[in-house]
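Engineer:
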Amino acid sequence: MNLKKILTIALVSGTLMTGTIACKSKISDADLKAKVETAVQSNPGVTVEVKDGVVTLNGTANSEDEKVQIENAAKAADSKGVKSVMNNIVVNTMPPVEINTNDADLTTKVTEFTKDFPTVKTAVADGVITVTGELEQARVQALKMGLDALNPKKVDMSGLTVK
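In terms of full-length UniProt numbering, the sequence shown opens at residue 1 and continues consecutively.
#1: Tell me the residue span of the alpha helix (DSSP H) that contains K109.
#2: When you compare only the Cα positions, how much space is there between E134 and L150?
#3: May I have the straight-line CA-CA distance separating V124 from K163, to the nearest angstrom?
#4: Based on Cα-Cα distance, which residue from V36, T93, V50 lies nearest to K75?
#5: Put N72 into one of helix, strand or coil per three-state DSSP.
#6: Check whether the Cβ atoms of I89 and A61 lie closer than 7 angstroms to each other.
#7: Once DSSP output is grouped into helix, strand and coil, what is the label at A77?
#8: Thinking C-alpha only, which one of K33, V120, V155, K51 is nearest D78?
#9: Hey, quick one: how far does the alpha helix (DSSP H) through G146 stretch, first residue to last?
#10: Alpha helix (DSSP H) containing K35: first to last residue?
#11: Taking only three categories from DSSP, how would you classify K67?
#12: Kindly identify the DSSP beta-bridge partner or partners of K121.
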């Protein structure tokens, strides 16, 4: 009778021990999400969701290569915890900005725009706007943004003195 109890206890203990070892605790979805978010943090346009080890990526990327790199980073964040990745990232397809290289047209537009900046002188050559003169700090950004909106090759403000 004692031998039967001892064998039963040993069998139950062995089963529990084997079951405990075999059922290692898996990573929680919250912990997995944190790992994946860390892995893809260099892409602020991407959000991460995790449910039962399935990672879902949403957001935008600048190219197909970047989209694939983000997916690979998510998979590599925890290769055992990530069961699969649903990549819903959309690739941005921004139209190319048309650069104005017509110096006569650009000169006319620059002259019209800079009439409100009497202390500034501009010159246009090969699509590059060169700015000289003096300007108050508070107006520099408005000047730069306005000139950039004319789509030149470049705006060179290195000759501008800021007061």
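C-beta atoms are modelled at their ideal positions from N, C-alpha and C, and glycine is treated no differently.
Structural biologist: Judging by the given coordinates:
#1: Taken as a continuous stretch (DSSP letters only), the alpha helix (DSSP H) holding K109 covers 103-113.
#2: Rounded to the nearest whole angstrom, the C-alpha separation of E134 and L150 is 21 angstroms.
#3: When rounded, the distance between both Cα atoms is 24 angstroms.
#4: Closest in alpha carbon position to K75, among V36, T93, V50, is V36.
#5: Under the three-state reduction of DSSP output, N72 falls in the helix class.
#6: Their beta carbons are under 7 angstroms apart, which means I89 touches A61 by this criterion.
#7: Three-state DSSP puts A77 in a helix.
#8: Of the candidates K33, V120, V155, K51, the one whose C-alpha sits nearest the C-alpha of D78 is K33.
#9: G146 -> alpha helix (DSSP H) spans 137-148.
#10: Where K35 is concerned, the enclosing alpha helix (DSSP H) starts and stops at 29-39.
#11: Note: K67 maps to helix in three-state DSSP.
#12: According to DSSP, which records beta bridges pairwise, K121 is partnered with T132.
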